[in-house]
Amino acid sequence: MAWKRIICFLFLFSSITQADELKFTKIVSLDQPWGSSFINEDELILTEKEGKIKIVNFKNNKILNVEHDLNFLVYGQGGLLDIIYKDGFLWISYSENRGNWKSSTSIAKAKFNKSKLSFSNIFRAEPAIDSGYHFGSRLAIKESFLYASVGERGQGMIAQDPTKHPGSIVRIHLDGSVPKDNPKFIDKKNWLPEIYQIGVRNPQGLTLSPFDKKIYASNHGAKGGDWFGEIKKGENYGWKILGWGGKNYSGTKIGPKWAPGFTKAIQYWVPSIATSAITIYKGNEFKEWNGFALITSLKDMSLRSLNFTNLDNVKEQIIFKNKIGRIRDIQVHPKTGKIYFLTKDALWLMEKN
Numbered sequence: 013m014a015w016k017r018i019i020c021f022l023f024l025f026s027s028i029t030q031a032d033e034l035k036f037t038k039i040v041s042l043d044q045p046w047g048s049s050f051i052n053e054d055e056l057i058l059t060e061k062e063g064k065i066k067i068v069n070f071k072n073n074k075i076l077n078v079e080h081d082l083n084f085l086v087y088g089q090g091g092l093l094d095i096i097y098k099d100g101f102l103w104i105s106y107s108e109n110r111g112n113w114k115s116s117t118s119i120a121k122a123k124f125n126k127s128k129l130s131f132s133n134i135f136r137a138e139p140a141i142d143s144g145y146h147f148g149s150r151l152a153i154k155e156s157f158l159y160a161s162v163g164e165r166g167q168g169m170i171a172q173d174p175t176k177h178p179g180s181i182v183r184i185h186l187d188g189s190v191p192k193d194n195p196k197f198i199d200k201k202n203w204l205p206e207i208y209q210i211g212v213r214n215p216q217g218l219t220l221s222p223f224d225k226k227i228y229a230s231n232h233g234a235k236g237g238d239w240f241g242e243i244k245k246g247e248n249y250g251w252k253i254l255g256w257g258g259k260n261y262s263g264t265k266i267g268p269k270w271a272p273g274f275t276k277a278i279q280y281w282v283p284s285i286a287t288s289a290i291t292i293y294k295g296n297e298f299k300e301w302n303g304f305a306l307i308t309s310l311k312d313m314s315l316r317s318l319n320f321t322n323l324d325n326v327k328e329q330i331i332f333k334n335k336i337g338r339i340r341d342i343q344v345h346p347k348t349g350k351i352y353f354l355t356k357d358a359l360w361l362m363e364k365n
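Going by our numbering, the sequence shown opens with residue 13, and the numbers climb by one from there.
Structure (structure tokens):
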């Protein structure tokens with residue numbers, strides 16, 4: 013029977029895509045792009061942190077600048093952030109200028125128009141804070157619900173205060189109204205109505221799995237303590253009581269990796285890889301990754317796959333490192349399954365050689 017085990021091993025090994033099997037193509041140069049979304053098979057809409065919204069057309073290789081009326085503040089990590097398209101509408105997360113250098117992670121909606129976008133706010137994180145840190149700000153749509161990650165703005169224990177939005181995952185309807193089955197209306201009377209889960213630091217990844225229909229997030233920890241995990245209604249990921257294995261930047265310990273009563277992440281990274289955008293892959297180009305989480309990172313400039321079908325034996329593979337720079341966003345082409353990345357200064361395509 014040993015020969016059967018050897019054949020099985022060789023099959024599994026050969027099915028894993030290696031870095032030298034990948035082809036990278038720089039599509040267009042950009043200035044600090046942040047979020048992106050496919051409008052259709054030929055067009056991708058994206059944000060640049062400094063304030064521009066652009067549409068890239070893959071058929072004619074043209075870039076269109078789209079006017080908009082957002083009142084944003086570029087301050088530290090703030091500016092125009094994530095964007096998502098669905099059924100003729102756009103939702104965007106951004107650092108809204110609230111006056112006197114105060115800002116909030118806000119969400120606005122607009123009917124899609126290539127010449128000019130007229131946005132209306134449907135959510136504002138309260139309170140507004142004078143800080144350029146930790147906006148979170150990734151968006152995901154599930155049916156009639158919009159999920160959004162709201163960073164804790166560098167305020168630490170504010171993430172344990174459910175009467176304030178920073179440091180939470182919010183869940184609203186696509187028009188901004190509040191779902192009647194959110195935690196406040198069930199068993200969390202002191203929570204703000206939009207809050208779905210608390211205790212996060214700076215979640216820069218959020219996605220809907222096309223397989224199990226669950227929402228997953230990645231969280232950018234401090235000096236260590238990055239994680240990938242499921243978003244769970246009414247629960248608490250523990251920041252800043254928990255440090256997820258990391259430390260303060262001063263070197264002092266933050267708290268345990270996990271403790272009973274808190275949500276346990278699926279995967280941790282210590283030291284930090286600076287997790288950014290994520291997706292649960294579904295496509296034809298890389299069939300061997302179907303159902304896997306793809307994790308992008310800023311600090312070590314890597315793409316990683318996670319096979320988390322067995323939560324007691326999560327398998328991680330580093331697909332590549334140091335190929336295209338710091339990775340901010342990831343999108344899977346809706347037809348081909350090829351993968352597009354936003355880096356610090358460009359849009360890239362990854363496909364098989």
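The C-beta atom is built at its ideal place from N, Cα and C for all residues, glycine as well.
Sequence-distant residues of the same chain with beta carbon closer than 6 Å to residue i, five excluded per side
i           : result
residue 310 : 286, 288 and 338
residue 374 : In the structure as shown, the chain starts at 13 and stops at 365, and residue 374 therefore has no counterpart that could be examined.
residue 27  : No answer about residue 27 holds up, because its pLDDT of 46 lies below 50 and its placement is not dependable.
Integer-rounded CB distance, given that residue j should sit under 8 Å from residue i
i           : j           : result
residue 129 : residue 79  : 7 Å
residue 207 : residue 174 : 6 Å
residue 144 : residue 172 : Incorrect: roughly 22 Å between the Cβ atoms, too far for contact.
residue 227 : residue 159 : 5 Å
residue 134 : residue 187 : 7 Å
residue 102 : residue 95  : 6 Å
residue 303 : residue 240 : Not a contact, Cβ separation roughly 14 Å.
Cβ shell of residue i (< 7 Å), same chain only, five flanking positions each side left out
i           : result
residue 351 : 342, 344 and 362
residue 170 : 164, 176, 178 and 179
residue 244 : 209 and 275
residue 370 : Past the boundaries of the shown model lies residue 370; the chain is included only from 13 to 365, so the question cannot be answered.
residue 313 : 333, 334, 337, 338 and 339
residue 365 : 33, 34 and 35
residue 38  : 358 and 360
Beta carbon of residue i nearer than 9 Å to that of residue j
i           : j           : result
residue 56  : residue 315 : no
residue 236 : residue 283 : yes
residue 121 : residue 140 : no
residue 137 : residue 335 : no
residue 278 : residue 242 : yes
residue 258 : residue 271 : no
residue 151 : residue 47  : yes
residue 232 : residue 214 : yes
residue 382 : residue 149 : Here the chain comprises residues numbered 13 to 365, so residue 382 is not present and cannot be evaluated.
residue 91  : residue 107 : yes
residue 246 : residue 195 : yes
residue 118 : residue 127 : no
Where residue i falls: helix, strand or coil (DSSP)
i           : result
residue 313 : coil
residue 278 : coil
residue 290 : strand
residue 111 : strand
residue 54  : coil
residue 99  : coil
residue 300 : helix
residue 168 : helix
residue 14  : Its pLDDT being 43, under 50, residue 14 is placed unreliably in this model, and the coordinates cannot settle the point.
residue 31  : helix
residue 62  : coil
residue 86  : coil
residue 120 : strand
residue 270 : coil
Own chain partners of residue i with C-beta closer than 8 Å, once the 5 adjacent residues on each side are dropped
i           : result
residue 326 : 278, 279, 318, 319 and 320
residue 42  : 58, 60, 66, 354, 357, 358 and 359
residue 323 : 278
Inset, instruction - Any chance you could list the beta strand (DSSP E) runs of at least 3 consecutive residues sitting entirely within the segment 317-347, in chain order? - result: 327-333 and 339-344
Legend entry - Continuous beta strand (DSSP E) assignments of at least 3 residues falling wholly in the segment 173-261: 180-185, 207-210, 217-220, 227-231 and 238-242
Legend entry - Residue ranges of each beta strand (DSSP E) within the segment 122-158, 3 or longer: 132-136 and 148-154
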